[in-house]
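If you're matching positions, the sequence shown starts at 1108 in my numbering and goes up one per residue. No residue lacks a Cβ here, since even glycine has one placed at the ideal position from N, Cα and C. Read through the structure below, which is laid out as structure tokens, and then see the notes.
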Amino acid sequence: VQLVESGGGLVQAGGSLTLSCATSGINFHLNAMAWYRQAPGNQRELVAGITRGGGITNYIDSVKGRFTISRDDAKSALYLQMNSLKPEDTAVYFCNVRDRDWFYTWGQGTQVTVSS
1108 VQLVESGGGL
1118 VQAGGSLTLS
1128 CATSGINFHL
1138 NAMAWYRQAP
1148 GNQRELVAGI
1158 TRGGGITNYI
1168 DSVKGRFTIS
1178 RDDAKSALYL
1188 QMNSLKPEDT
1198 AVYFCNVRDR
1208 DWFYTWGQGT
1218 QVTVSS
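Written as structure tokens, this is what we have:
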């Protein structure tokens, strides 16, 4: 099982980034998936989720209207388009399942740093 996040970087406030999560060894299409983030000193939090098949998405209030989660089941990949980035979005971003009482082993995540 591998979850490999990429696409992070340093961006100015107001900028955009697109994160990708490549997965292997999991039944990707059978799982609701989510993006999580963890800022220094904070607990990991769910940022955006998407159901099996991608029909329903949900977001925490602070990113609604700015972030878009999507999935490509043919590629077993998850994406997060992030627009209008704010310094408070600075964190390490991870992908994993949601709506389960377990998680796959966490990947290393991808660092997003937003400068003011």
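query: I need the boundaries of the beta strand (DSSP E) containing V1111, first residue and last residue.; result: 1109-1113
query: With a cut-off of 8 Å on the beta carbons, I'd call S1223 and A1146 a contact; round off their distance for me.; result: So it is not a contact: roughly 15 Å between Cβ atoms.
query: For Q1218, which residues of its own chain have a beta-carbon under 6 Å away from its beta-carbon, when the five flanking residues on both sides are left out?; result: G1115, V1199
query: Sorted by chain position, which residues of the same chain lie with C-beta nearer than 8 Å to W1213's C-beta, five sequence neighbours on each side aside?; result: L1110, F1201, N1203
query: Mind listing, in chain order, the continuous beta strand (DSSP E) runs of no fewer than 3 residues lying wholly within the stretch 1158-1192?; result: 1164-1166, 1174-1179, 1184-1189
query: If you count every other CB in all the chains shown that lies within 10 Å of the CB of R1207, and 16 or more means buried, which is it?; result: exposed
query: Relative to the alpha-carbon of A1181, which residue among Q1150, H1136, P1194, E1195 has its alpha-carbon at the smallest distance?; result: H1136
query: List the residues that DSSP assigns as beta-bridge partners of Q1119.; result: S1222
query: Would you decide whether L1192 is buried or exposed? Buried here means 16 or more other CB atoms lie within 10 Å of its CB.; result: buried
query: What are the boundary residues of the beta strand (DSSP E) that Q1215 is part of?; result: Segment: none, Q1215 is in no beta strand (DSSP E) and carries neither H nor E.
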